[in-house]
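Going by the numbering used here, the final residue of the sequence shown carries number 1678, and the count climbs one at a time with no gaps. Heads up: the structure comes next, in structure tokens.
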Amino acid sequence: MPSVHFNTLCQPATLFTAWNTVKAKGAAGGVDGMTVEEFEKQKKTRIPKLAEEVKSGSWKPLPYLQIEVPKKKNTEEMRKLGMTAICDKIVQQAIKMLIEPRLEKQFKGNSYAFRPGKGATKAIRRVVAECAAKKYQYVLRLDIDDFFDNIDRTILQQRLTAIGIDAEVVRLIMLSVEMGQVRQGSQEWREEQKGIPQGALLSPLLSNLYLNSFDQFAVSCQWPYIRYADDFLFLCETVEQATDLQKRVETHLREKLHLALNEPKIYHLCDGFDFLGVHIQEGVVSVSPQKKEELIQRIHSLEFTSEGMTRKSAKTWEGMSQYYARILPQKDLEDFDRAVLDRLTLLLREHIELFPSRSALHFVINTIPFLSVEFASQRKTHIAELAAIYLNQRNQQRLAAGTLKNKRIIRQRKLEYRKKEVEASSLLVNKPGTFIGLGNRGVTVYEKGKVIAQHHADNLSQIVVTGNGVSMSSNLLSFCMSRKIPVDFFDHQGTHIGSIVTAKYIEGSLWKKQTTAAESVRNVIALAIIEGKIKNQHGLLKYFHKYHKANDPQLADKMQAMEETVEQFKGFKKTVALDSSDFTMKLMGHEAQVAIRYWDYIRELIADDDVGFERREHQGATDLVNSMLNYGYAILYVRVWQALLAAHLNPFDSLIHARQSGKPTLVYDMVEIFRSQVVDRVVISLIQKGQDLAVRNGLLTDKTRQQLVKSVMERLARYEKFQGEEMRMEQIILRQAKLLAKAFEGTEAFKPYVAKW
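This is how it looks when you write it as structure tokens:
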């Protein structure tokens, strides 16, 4: 007939009691992912079913979930733990409740780990008391090598049977011990032939049972003996006695229990020794500087809410309180309390939002159980100190918020007037029959004698005329020439017909230096121009990738290809010979590869915008995207051309593009730096914003052309930070032209404009 133990184990009431203990501990679950919270919702059906499985012999525990944690902080040596499923924890807890009283009667008082009414604190006090006896001068410190992993299961089963535990209960215990493990993150089954799983609820009790015969042997040696798990010590009168005892212990463990020791250590009591995380010397318990620093770092990571410490942090602090507060001197405890207040001070300075009010802060401090008498008695003083910091931080926060608000207001006004400035800086005229004149109120545009637009003369920086039938006064032209305001003319296809600029632009003082510059100098500049182009193309793609369709896998592949070609160019830049005869050909070859990837990405980016863009086409393009790009580039060409003239450079003497009679090939070179950021960005944005854009009979509609020109001119007039200053894009182009002139003069290296993205 089964013993009362097994019958009791099978009762749902027993398992419900075990469940309450498991729930109170709040431990993590195992391989099935079931949590304590989830099991609580299902307990009324699952526990009776579990009781029936145990009773019928059909209970099959799940494998342990194997995880690895460092054996010691900042070490690579790992300890394997077996995490038990919640259902199996309940069964193991029930078994523990039934067999622990019987085992406790067998255990010696010298064993302190994993036992009711014992613990590390009492073990330390026992050690201190034993050390106080004058006749003992030496301590023999020992610990077992990988104790839990080397327990002999056959011996363990014999121990269980020998003390009269029912055979079915023994079977369930051994089933729990021998169950395999599954590694975290995989389904790989692992099975050991010896040892008991660390982390299993029964393992601590079973470990004490396994070492109980050793405890009996140790006590019989007649020397003071204290054990905590696999860590133990003896006190002896002489070194010789300690050495002899070490050998006897080693032999007993090896022959009787199949266990081995780590390296034994013998200390003189005057020198002190470490045991269970503390240092004991001449009756005084302390912690080593390294251990103390480790504990303070742990305190510095405590987390708080407006209701006090988080559950995890409270558990950490409670563990220190229950152990160290009972054995360490007040000075050490004061250091720990001070560390808690330092942690709160830091949170007040960096995360004051955790404490919505001063009363909430008071509440938090009052929930801290200080370890030292000094800090507990001075709690009000510490509250006042932290409250003062709190008020100061709140005031600083309000001041900062006020400053931020003012900056935001100023920025809003700045953007408002920058926009007005941009609108006033450019004049676009495209209606046939309009007339542009100069009057007392500035530059005025008339249509059939009526004023349709006015611009303040001081703000104007450019006039752009698109289409036919527009006239202007000589007074206006004279004014524009005196102010160096260019007047640019474009036809409906975006072809630049010409510009009216002052003769002051045409200054050839640098043309000779430009023409006679050494080939290596010209190649260095050419390399910088192409590098600027590639970086700006790459930057524009990164901008769109981040803010638009970065989750598209097709775009991700295109971006990867672009980045690979950019990296290849970086390698080319480091190895290219500036004086090689085929330098330009190699340079343009790399530029072409990047361009292919660039337009490949853009095609994918706007593929679902229904614009039919397949590839980049230059002259003769009739599709919407290429037509807009070509028209926008024409406006940009003129700005670059005028900037080169203003910098006294010859726009026909190129560095990269082949020179052609009557063609401003240096303009073609310099415009490469700005294409992507001035025109491509505008065109793509207009398309993705769903603007009403169209091509009719191979030409952009008037509305589309007007919107495009307006947007490109706004982009040229928009401010951007460059070389530590805020300036318009057209000013950046001019500064780049002047820097190019200095490069030809040999006074400064040419560094291309690279946009921030």
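C-beta: ideal position from N, C-alpha, C; glycine also.
Could you name each continuous alpha helix (DSSP H) segment of 4 residues or more that falls completely within the segment 1478–1534, going from the start of the chain to the end?
-> 1504–1526
Rounded straight-line distance, which links the Cα of residue 1016 to that of residue 923 = Residue placement at residue 923 is flagged as unreliable, the pLDDT there being 41, under the threshold of 50; a coordinate-derived value is accordingly withheld.
Cβ pair residue 937, residue 968 closer than 8 Å = yes
Check residue 955 in the structure and name its three-state DSSP category.
-> coil
Exposed or buried, which one is residue 1203 when buried takes at least 16 other CB atoms within 10 Å?
-> exposed
Integer Cβ distance of residue 1182 from residue 1174, believed to fall under 8 Å = 7 Å
Between residue 1045 and residue 1197, which are expected to be in contact by the criterion C-beta below 8 Å, what is the C-beta distance as a whole number of angstroms?
-> 6 Å
Residue 1359 - partner residues in DSSP beta bridges | 1364
Going by DSSP, name the residue or residues bridged to residue 1387.
-> 1411
For residue 1058, which three-state DSSP category applies?
-> coil
Nearest-angstrom Cα separation, counted from residue 1022 out to residue 925 = Any answer about residue 925 is weak, because its pLDDT of 46 lies below 50 and its placement is not dependable; what the coordinates show is given next. Using only the alpha carbons, I get a separation of about 14 Å.
If you compare alpha carbons, which of 1449, 1475 and 1476 is closest to residue 1512?
-> 1449
Could you check what DSSP says for residue 1646 in three-state terms: helix, strand or coil?
-> strand
Closest residue to residue 1134 among 1084, 1111 and 1120 (Cα-Cα distance) = 1084
For the segment 970–1007, list the beta strand (DSSP E) runs that are entirely contained and at least 3 residues long, ordered along the chain.
-> 985–991 and 999–1004
Give the DSSP bridge partners of residue 1421, in chain order.
-> 1408
List the endpoints of the continuous alpha helix (DSSP H) containing residue 1589.
-> 1586–1595
Output the distance between the C-alpha atoms of residue 1219 and residue 933, rounded to the nearest integer angstrom.
-> 41 Å
Under the rule that 16 or more other beta-carbon atoms within 10 Å means buried, what is residue 1145, buried or exposed?
-> buried
Where do the N-terminal and C-terminal ends of the beta strand (DSSP E) with residue 1148 fall, by residue?
-> 1146–1149
Classify residue 925 as helix, strand or coil using the three-state DSSP reduction.
-> Here the model assigns residue 925 a pLDDT of 46, short of 50, so the residue's position is not dependable, and the following value carries that caveat. Residue 925 falls in the helix class under three-state DSSP.
Return the bridge partner residues of residue 1230 from the DSSP annotation.
-> 1225
Around the C-beta of residue 1474, are 16 or more other C-beta atoms found within 10 angstroms, so that it is buried, or is it exposed?
-> exposed
Three-state secondary structure (DSSP) of residue 1033 | coil
In terms of alpha-carbon separation, which member of 1242, 1267 and 1283 lies closest to residue 1293?
-> 1242
Would you mind giving the Cβ-Cβ distance between residue 1423 and residue 1402, rounded to the nearest angstrom? I have them listed as a contact below 8 Å.
-> 4 Å
State yes or no: is the C-beta of residue 1565 within less than 8 Å of the C-beta of residue 1599?
-> no
Would you call residue 1336 buried or exposed, if buried means 16 or more other Cβ atoms sit within 10 Å of its Cβ?
-> exposed
In chain order, what residues of the same chain have a beta carbon less than 6 Å from the beta carbon of residue 948, not counting five sequence neighbours either side?
-> none
Answer with buried or exposed for residue 1246, where buried requires no fewer than 16 other C-beta atoms within 10 angstroms of its C-beta.
-> buried
In whole angstroms, what separates the C-alpha of residue 1194 from that of residue 935?
-> 45 Å
Between which two residues does the alpha helix (DSSP H) containing residue 1369 stretch?
-> Residue 1369 -> no alpha helix (DSSP H), and no H or E assigned at all.
Do you know how far the Cα of residue 1551 is from the Cα of residue 1380?
-> 28 Å
Distance CB(residue 1517)-CB(residue 1605) smaller than 8 Å | no
For residue 1052, the residue or residues it bridges with in DSSP | Residue 1052 pairs with nothing; no bridge assigned.
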